Each structure stands twice: as structure tokens, then as C-alpha cells.
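Taken in order, these protein sequences are the chains called C and F.
Going by UniProt numbering, the first sequence opens with residue 1, and the numbers climb by one from there.
Going by UniProt numbering, the second sequence opens with residue 1, and the numbers climb by one from there.
The C-beta atom is built at its ideal place from N, Cα and C for all residues, glycine as well.
Just so you know, these numbers come straight off a predicted model, no measurement behind them.
In what follows, a structure is listed as C-alpha cells, so that the remarks can point back to it.
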Amino acid sequence: MEDGVKKFLYVNRKAPYGTIYALEALEVVLIGAAFDQDVSLAFLDDGVFQLTKGQDTKEIGVKNFSPTFRALGDYEVTKLYVEKESLDERGLTTDDLQEITYEDEDDDWAEKPSIIIVSRSEMADVMAGQDVILSF
Amino acid sequence: MKFGVVVSEGPYTHQASDTAYHFVTAALAAGHEVPRVFFYHDGVNVGTRLSIPPQDERNIQEQWTALAKEHGTDLVICIAAAQRRGLLDKNEAERQGKDADNIAEGFRISGLGQLIEMGIDADRLMTFGD
Numbered sequence: 001m002e003d004g005v006k007k008f009l010y011v012n013r014k015a016p017y018g019t020i021y022a023l024e025a026l027e028v029v030l031i032g033a034a035f036d037q038d039v040s041l042a043f044l045d046d047g048v049f050q051l052t053k054g055q056d057t058k059e060i061g062v063k064n065f066s067p068t069f070r071a072l073g074d075y076e077v078t079k080l081y082v083e084k085e086s087l088d089e090r091g092l093t094t095d096d097l098q099e100i101t102y103e104d105e106d107d108d109w110a111e112k113p114s115i116i117i118v119s120r121s122e123m124a125d126v127m128a129g130q131d132v133i134l135s136f
Numbered sequence: 001m002k003f004g005v006v007v008s009e010g011p012y013t014h015q016a017s018d019t020a021y022h023f024v025t026a027a028l029a030a031g032h033e034v035p036r037v038f039f040y041h042d043g044v045n046v047g048t049r050l051s052i053p054p055q056d057e058r059n060i061q062e063q064w065t066a067l068a069k070e071h072g073t074d075l076v077i078c079i080a081a082a083q084r085r086g087l088l089d090k091n092e093a094e095r096q097g098k099d100a101d102n103i104a105e106g107f108r109i110s111g112l113g114q115l116i117e118m119g120i121d122a123d124r125l126m127t128f129g130d
């Protein structure tokens with residue numbers, strides 16, 4: 001921990017709809033972005049469904065909040081770790097996920113992908129390196 | 001050590017708020033600090049003073065209220081989660097034109113910033129929930 005900046009990891013483990021966990025997790029991320037901490041998100045288990053593209057919630061009468069993930073770069077939330085095994089177990093590939101990018105101010109505002117695919121053991125390393133983990 | 005505690009499941013339907021209470025009680029007894037407990041998701045329902053459990057069962061809200069009174073623990077209920085679930089303090093009830101409020105003594109309603117602050121301030125953050 002340097003200069004009072006902590007590494008916050010928000011762990012998303014649940015499907016986007018059916019329960020409110022995913023939506024209320026995203027609300028925490030957006031509020032937390034104002035606190036100038038080092039923020040990362042992790043998606044594992046059914047949480048990987050939160051990032052799938054082409055979500056259409058009309059028939060269940062619930063707001064589709066998936067476009068908000070593409071705005072995270074504007075909040076300087078640029079590290080979205082997605083667990084490969086969780087994708088595999090659900091028959092998903094990276095092609096099923098939204099394209100989420102951010103503009104890197106340290107690299108002439110080059111547009112870079114926010115989604116980082118990691119293995120289950122790499123995800124354990126990501127978690128081990130955090131100061132605060134909030135699990136949803 | 002300074003602990004931050006998050007309760008993210010509702011009372012009686014889930015063990016989380018009981019386990020959090022036992023954890024906080026034990027931590028305080030062991031000489032640790034627990035300055036704040038943050039209630040989120042259905043955890044906000046712990047803070048209604050209108051719950052009436054059967055007389056021979058524990059009263060979860062009263063346990064927390066007593067703990068706050070004894071140790072000065074700041075019991076914070078997330079406002080966004082609370083409003084969705086029908087928990088209002090007096091000010092918010094007036095502002096929203098509702099005819100009642102239901103926040104129990106020792107609890108207060110505030111924003112998610114209080115959760116982030118707790119994470120920054122605490123040595124360890126514990127989440128009790130699914």
C-alpha cells in the first residue's frame with residue numbers, strides 16, 4: 001500500500017439477473033471509483049455472464065445494465081479479470097463477451113482492452129495481491 | 001486490529017447477520033476494534049425496528065442496537081439498497097412523502113461511500129453473505 005492507496009478487488013460471482021447482487025455490486029464500483037483507489041474487478045463462476053454481449057432483458061421486465069460496463073474506463077476502472085475456467089465450464093469464449101476498452105493516458109490515449117483473461121490459479125494470485133476484497 | 005464488517009444478507013432467512021454479530025462480539029471481547037458495520041443488499045433489513053420475531057427467538061435487530069449502544073459501533077445502512085426495500089429514516093420519509101419511517105435505534109442510513117471508507121480505514125474487511 002502506497003500513499004494511502006489500497007488495492008480494491010470487486011469479485012463478481014453471480015449471474016446478472018435473477019438476483020440483485022450483480023447490479024448492486026456495479027453500484028459499489030461506480031461509487032468507489034470516486035475514492036482514488038487502485039480498483040480491479042474479477043468475474044468468475046456465473047459472474048462471467050455479466051459481461052456477455054447482446055443482453056436483452058425486455059422479456060423479464062428488468063433493466064439491462066450491461067452497457068454500464070463499457071463506461072467503466074471513463075471512471076478509470078480498467079482491469080476486469082475474467083476466469084477462463086468459468087467461461088469454459090459455461091460453454092463461453094471471449095467472443096461471447098462485450099468488447100470493453102479504455103483510453104490509456106500514459107500511452108497517448110491508445111485504446112486498450114480492459115478485459116484480462118486469467119486462469120484459475122492466476123486469479124488466486126490476483127486475489128492474493130489485494131488489500132480489500134468485496135465479494136458479490 | 002481494526003475490522004470492517006459487511007452484512008449482505010437479510011436476517012432470519014440467512015445466517016450471515018447472526019454470524020457477523022457473533023464475529024463482532026468476539027472481536028471486541030478480544031480487544032480488537034470494529035468501528036463500523038455496513039449493511040448492504042438484503043442486509044439492510046436487519047435495521048428495521050418493525051420486525052417482530054417470536055418471543056422465544058433471538059431478536060437480531062435488538063442485539064445489534066445493544067451492541068451499538070455499548071461499543072459505539074457505527075451501524076450504517078446503504079441508502080440505495082434501503083430505499084428499494086422499504087427502509088426509511090425520518091428525514092427520508094418526509095422527503096419522499098411517505099407516512100412512516102422504520103429505522104431502529106443505533107442504525108443510520110448513508111451512502112456506499114461509507115463502505116469504501118471502511119475498506120480504506122480497516123486493517124481487514126470481512127464480508128458476511130453468500
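Hey, residue i and residue j are a contact pair by Cβ (cut 8 Å); roughly how many whole angstroms apart?
i, j, result
"ALA27 of chain F", "VAL34 of chain F", "6 Å"
"residue 172 of chain C", "THR78 of chain C", "The shown model of chain C, from 1 to 136, leaves out residue 172 of chain C, and the question about it has no answer."
"ILE116 of chain C", "LEU72 of chain C", "With a Cβ gap of about 13 Å, ILE116 of chain C and LEU72 of chain C do not count as contacting."
"residue 172 of chain C", "TYR75 of chain C", "In the structure displayed, chain C extends from 1 to 136; residue 172 of chain C sits before or after that span and is not available."
"TYR12 of chain F", "GLU24 of chain C", "So it is not a contact: roughly 20 Å between Cβ atoms."
"VAL44 of chain F", "CYS78 of chain F", "6 Å"
"VAL11 of chain C", "ILE133 of chain C", "6 Å"
"ASP38 of chain C", "PHE8 of chain C", "7 Å"
Taking buried to mean at least 16 other C-beta atoms within 10 Å of its own C-beta, is residue i buried or exposed?
i, result
"GLN15 of chain F", "exposed"
"LYS69 of chain F", "exposed"
"SER40 of chain C", "buried"
"GLY106 of chain F", "buried"
"ASP42 of chain F", "buried"
"ALA52 of chain F", "Looking at the sequence itself, residue 52 of chain F is Ile, so the reference to Ala does not match. ILE52 of chain F comes out exposed."
"ILE24 of chain F", "Rather than Ile, the amino acid found at residue 24 of chain F in this sequence is Val. Flag for VAL24 of chain F reads buried."
Residue i bridges to which residues according to DSSP?
i, result
"THR101 of chain C", "C:PRO113"
"THR52 of chain C", "C:LEU97"
"ASP125 of chain C", "DSSP lists no partner for ASP125 of chain C."
"MET126 of chain F", "F:VAL5"
"LYS7 of chain C", "C:ASP38"
"LEU134 of chain C", "C:TYR10"
With three or more C-beta pairs closer than 8 Å as the rule, is the segment 112-126 of chain C touching the segment 78-95 of chain C? yes
Please specify which runs of the beta strand (DSSP E), each continuous and at least 3 residues long, are wholly inside the segment 14-88 of chain F, giving them in chain order. Qualifying beta strand (DSSP E) stretches, in chain order: 33-39 and 74-78.
contact_flag[the segment 44-56 of chain C, the segment 16-27 of chain C] where n(CB pairs < 8 Å) is 3 or more: yes
Does the segment 94-110 of chain F come into contact with the segment 44-51 of chain F, if we say contact requires no fewer than three beta-carbon pairs (one atom in each stretch) closer than 8 Å? yes
Would you check if the segment 51-64 of chain F and the segment 90-97 of chain F touch, i.e. whether three or more CB-CB distances between them fall below 8 Å? no
Complete alpha helix (DSSP H) runs within the segment 63-95 of chain C (minimum length 4 residues, chain order): For the segment 63-95 of chain C, whole alpha helix (DSSP H) runs of length 4 or above, ordered along the chain, are 84-89.
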